[in-house]
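Have a look at the structure below before the remarks.
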Amino acid sequence: MFVIVYNPTTDDIYYQRRMAPNEKLNLRKFADLVASEFDAEIDTADGHIPNCSGDLRVEFRPYRDKAWHIWDGQSYYLKQ
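Positions -17 to 62 (the numbering used here) are the ones given, in order, by the sequence shown.
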């Protein structure tokens, strides 16, 4: 399983790696990690974010290079 964090508008990849065998699949953990690299925080005030329309998209995929096969994913906005 791979974790990929990217910008759904530009497809820029900010973070990707293979998950450890017993690592917890926590989407928010990786969103927070990348947000901190931008010296930002995740904005939780807006509630639901439509699929692939946030500033960041975090996905767990069985195959790193096959975006059509997503195990789980969620979009996030960065706090302005």
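From the three backbone atoms N, C-alpha and C, an ideal C-beta is built for every residue, glycine too. For clarity, every value in this text was computed on a predicted model and none was experimentally measured.
Leaving out five residues before and five after residue i in sequence, what residues of the same chain have Cβ atoms less than 6 Å from its Cβ?
| i | result |
| --- | --- |
| Arg46 | Phe(-16) |
| Pro(-10) | Cys34, Arg39 |
| Leu9 | Val40, Gln56 |
| Gln(-2) | Ile(-14) |
| Arg88 | One cannot answer for residue 88 here, as it falls past the ends of the chain, which runs -17 to 62. |
My output table needs one value for residue i: the three-state DSSP class, helix, strand or coil.
| i | result |
| --- | --- |
| Leu38 | strand |
| Arg10 | helix |
So, are the CB atoms of residue i and residue j less than 8 Å apart?
| i | j | result |
| --- | --- | --- |
| Phe42 | Trp53 | yes |
Does the Cβ of residue i have 16 or more other Cβ atoms within 10 Å, making it buried, or fewer, making it exposed?
| i | result |
| --- | --- |
| Ala2 | exposed |
| Phe20 | exposed |
| Ile(-14) | buried |
| Ala27 | exposed |
Who are the near neighbours of residue i in its chain, counting only those whose CB is closer than 8 Å to its CB and skipping five residues on each side?
| i | result |
| --- | --- |
| Asp(-6) | Tyr(-12) |
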